[in-house]
Amino acid sequence: MENKTLHITNGDSCSQRIQQLSIKGDLLIWREMLCEGPTEIKLETETSLQKRKKFLKKYYRISHSDYEKKFITQLSKIESAKQYDEIILWFEYDLFCHINMMAVISLLLRKQLHNIPIYLVCSGRIESDKKFYGLCELSDNQLKEHFKNKILLSLDDLEFGSHIWTLYCESKPQKIAGQIKNESSFEYLSICLRAHLQRFPNMLTGLNVLEHNILEIIDNYQVKNIKQLMGYALEYQGFYGYGDMQLKRVLARLFQFLHQTKDRLVLSERGNLALQRKKNFYNTQIVDWHYGGVKKYDYLYNDTSHTLLKL
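Going by my numbering, the letters in the sequence shown line up with residues 403 to 713, in that order.
Here it is in structure tokens:
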């Protein structure tokens, strides 16, 4: 008798690939972006979901009805998860996916599902290639091989993942730095945690790593316009895993650092000062923006000590 399997996937594209490859099991599609906006440890509670609805509608114009249809209906499938013989998580190597995955793991433990084998299929590096690949960038054979070699998560792994989610939702992000060197079956988690800390504004410039990288792209490449800059930003964002929606917001807050000439985008005087770390623009950037349980502009990142300083 075959195992009854629940696949929890990082989105529609991955779910479609699973179906196309005739991998058996039911699907729960995790359509959230918990790497941005306020979060609570118990994601499934009404107060938590209302907080997410408010954030997504205000900043990303996602209606309450869409959120209910695309996420809450999927979330409710967890209630019947005890009927399955195994649960398989399909998440990628980046911060976007890892924050979502830690929330999933925390939820599974709260629902007492740790007695069911929980596996991880995670993309990233493949043999003899330096590039990092998303699940849907893999060929059919590569994706089947990833599925075949899925990782059984131990209880220690699950509890560690849940602990990371708890820390993310709390108000002391410095504690996350202490978890970076911990070993687990999550190959890319340490890199993602470092990337998360670097999302806070640099203490010298007021801009974070992602914002600095965009200024460097303009300085180093012949970027014709904002549309082309978006393409570069998507390609060279490192371990963030942001999509168009997230990066549009990032770019919109950098216009004071850019200047559009007839032929190309260039850095403005402010852009050059920021890139050269000669002036701090914190006061021009500050806005009410949350990463989990913390306001982005309540902390500064020290890139020498790789620590956060509370203002």
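Yeah, the Cβ is synthetic: ideal placement off N, Cα and C, and Gly gets one too.
Inset, instruction - Give the secondary structure of E488 by DSSP, where H, G and I count as helix, E and B as strand, and everything else as coil. - result: Reduced to three states, the DSSP call for E488 is strand.
Legend entry - the segment 480-489 in contact with the segment 404-413 per 3-pair CB rule at 8 Å: The segment 480-489, when compared against the segment 404-413, does touch it at the 8 Å Cβ threshold.
Legend entry - Cβ neighbour criterion (16 or more within 10 Å) applied to E613: With 16 or more other Cβ atoms within 10 Å, it is buried.
Inset, instruction - Please check if any C-beta of chain D sits within less than 9 Å of the C-beta of C594. - result: Although the question refers to chain D, the structure presented lacks it and comprises just one protein chain.
Legend entry - Beta-carbon proximity of Y699 to P575, cut-off 9 Å: No Cβ-Cβ contact shorter than 9 Å links Y699 with P575.
Legend entry - Entirely enclosed beta strand (DSSP E) segments - the segment 666-690, minimum 3 residues: Whole beta strand (DSSP E) segments, 3+ residues: 667-669.
Inset, instruction - List in chain order: all unbroken beta strand (DSSP E) runs of 3+ residues lying wholly within the segment 412-499. - result: Fully enclosed beta strand (DSSP E) runs of 3 or longer: 428-431 and 488-493.
Legend entry - Cβ contact check for the segment 489-509 and the segment 533-552: 3 or more pairs under 8 Å: Touching, per the Cβ criterion.
Inset, instruction - Provide the residue span of the alpha helix (DSSP H) that contains G694, from first to last. - result: That residue, G694, is in no alpha helix (DSSP H); its beta strand (DSSP E) goes H692 to G694.
Inset, instruction - Look at the alpha carbon of L660 and the alpha carbon of N704, and state the distance between them as a whole number of angstroms. - result: Straight-line Cα distance between these residues: approximately 25 Å.
Inset, instruction - Could you tell me the boundaries of the beta strand (DSSP E) in which T709 lies? - result: According to the DSSP assignment, T709 belongs to the beta strand (DSSP E) that extends over T709 to K712.
Inset, instruction - Grab the span of the alpha helix (DSSP H) containing I619 for me, first residue to last. - result: Residues V611 to N622.
Legend entry - Cβ-Cβ distance between I578 and L599 below 9 Å: Yes. Within cutoff.
Legend entry - Cut-off 7 Å between Cβ atoms - residues of its own chain near I501, not counting five sequence neighbours on either side: Same-chain partners within the cutoff: L436, C437 and Y570.
Inset, instruction - Could you check the C-alpha separation between F562 and K626 for me, to the nearest Å? - result: If I take the Cα positions, the gap works out to 45 Å.
Legend entry - Alpha carbon of T607 to alpha carbon of F641, nearest angstrom: Per the coordinates, the alpha-carbon of T607 lies some 22 Å from the alpha-carbon of F641.
Inset, instruction - Return helix, strand or coil for F641, following the three-state DSSP convention. - result: The answer is coil: DSSP assigns F641 none of H, G, I, E or B.
Inset, instruction - Answer with buried or exposed for N551, where buried requires no fewer than 16 other C-beta atoms within 10 angstroms of its C-beta. - result: Around the CB of N551, fewer than 16 other CB atoms lie within 10 Å, so the residue is classed as exposed.
Inset, instruction - Classify A676 as buried or exposed, calling it buried when 16 or more other Cβ atoms lie within 10 Å of its own Cβ. - result: Buried: at least 16 other Cβ atoms inside 10 Å.
Inset, instruction - Since I believe L609 is in contact with Q687 (beta carbons under 8 Å), could you give me their beta-carbon distance rounded to a whole number of angstroms? - result: Yes, Q687 and L609 are in contact; Cβ-Cβ is about 7 Å, under 8 Å.
Legend entry - CB-CB length for I431 against T411, believed under 8 Å: Indeed, because the Cβ distance is near 5 Å, the residues count as touching under 8 Å.
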